[in-house]
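Okay, so the sequence shown: first residue is 240 according to the working numbering, each after it adds one.
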Amino acid sequence: MASIKTAHLKLPASTEDLRALEIGTVVYLTGRIFTAREGVYKRAIEDGAGMPASKAELGAINFHCSPAAAVNAEGGMTSEVYRTHFVPNHAIYLTTVGYGTGALLGRGIKRVANVYWLQELGLAQAVWVLDVENFGPFLVESDLAGASLFERENAKIDAGLAKLYEGTRSPTMRRLGDADDKTQEVI
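The structure is reproduced here in structure tokens:
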């Protein structure tokens, strides 16, 4: 059995530090990060407000800490998105896997350094600036070459999926999301 690669990054991380990370590596962060959800993105980008503080105050790590979804058939971050937007900016994407990860990650928060847009966006949507120590575990999902762990692994899984279900009956009742035809769905 191969050992899992682990990295401990001191923030702000250098491009060289990030270049050394391979997809699938487990990463722990120490330094300053900030939270951002869809309300922050809308206010900062769509509304043109920019970020509420300097990069030095916020830190260089955006911790997207909520489920955010939009109905968009073209959604998701493919390796093309990484190559177009992340790689030129010397950025990588770290992810977590599994439910309840927030409680685990919370152990790495040492202090709340500041909070912005609390009144404007509310408790959950505000920008929280956090000083963290051994904050993780995270998985390297994309690297500086634009490779994507999920895209690579999904391709392996998808290749055998049809064979896995070969010969099984179609479900008698379909739940929301189980069918492409909305008339077949039962809630």
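Virtual Cβ for every residue (Gly too), placed ideally from N, Cα, C.
Exercise. Quick one: Cα of V265 to Cα of K244, how far?
Worked result: V265 and K244 have their alpha carbons spaced roughly 6 Å apart.
Exercise. How about D382 and I331: are their beta carbons less than 7 Å apart?
Worked result: Against a cut-off of 7 Å, the Cβ pair of I331 and D382 comes out as a contact.
For this session: Let me know if E255 comes out buried or exposed under the rule of 16 or more other beta-carbons within 10 Å of its beta-carbon.
Result: Classification of E255: exposed, given that the 10 Å Cβ count is below 16.
Problem set entry | Boundaries of the alpha helix (DSSP H) in which R391 is found, first to last residue | It spans L388 to Y404 - the alpha helix (DSSP H) in which R391 sits, taken as one unbroken run.
Problem set entry | Assigned exposure category for V336 - 16 Cβ within 10 Å defines buried | Label assigned to V336: exposed.
Problem set entry | Check whether L343 and F377 have beta carbons under 7 Å apart | No, the pair does not count as a contact, with Cβ atoms beyond the cut-off.
Problem set entry | the region 272 to 283 contacting the region 358 to 371, beta-carbon criterion three pairs below 8 Å | Contact between the region 272 to 283 and the region 358 to 371 is present, because at least three Cβ pairs lie under 8 Å.
For this session: Please classify K294: does DSSP put it in a helix, a strand, or coil?
Result: In the structure shown, K294 sits in a helix (DSSP, three-state: H, G or I).
Problem set entry | Helix, strand or coil at P306 according to DSSP, with G and I counted as helix | Caution is warranted here: a pLDDT of 48 is assigned to P306, below 50, making its placement in the model unreliable, and the coordinate value is therefore given only provisionally. Three-state result, P306: coil.
Exercise. Which of the three DSSP states, helix, strand or coil, is assigned to T254?
Worked result: In the structure shown, T254 sits in a helix (DSSP, three-state: H, G or I).
For this session: Could you tell me whether the region 366 to 374 touches the region 340 to 355, using the rule of 3 or more Cβ pairs below 8 Å?
Result: By the C-beta criterion, the region 366 to 374 is judged to be in contact with the region 340 to 355, since at least 3 inter-stretch pairs fall below 8 Å.
Exercise. Among Y404, G263, E261 and R282, which residue has its Cα nearest to the Cα of Y355?
Worked result: If we check each option's Cα against that of Y355, R282 comes out closest.
Exercise. Alpha carbon to alpha carbon, what distance is there between E380 and Y404?
Worked result: In a straight line, the C-alpha of Y404 is about 28 Å away from that of E380.
Exercise. Is the beta carbon of G385 less than 7 Å from the beta carbon of V326?
Worked result: Yes, these two residues count as a Cβ contact at 7 Å.
Problem set entry | 7 Å Cβ cutoff met for K249 and T269 | Contact check for K249 against T269 passes: the beta carbons are separated by less than 7 Å.
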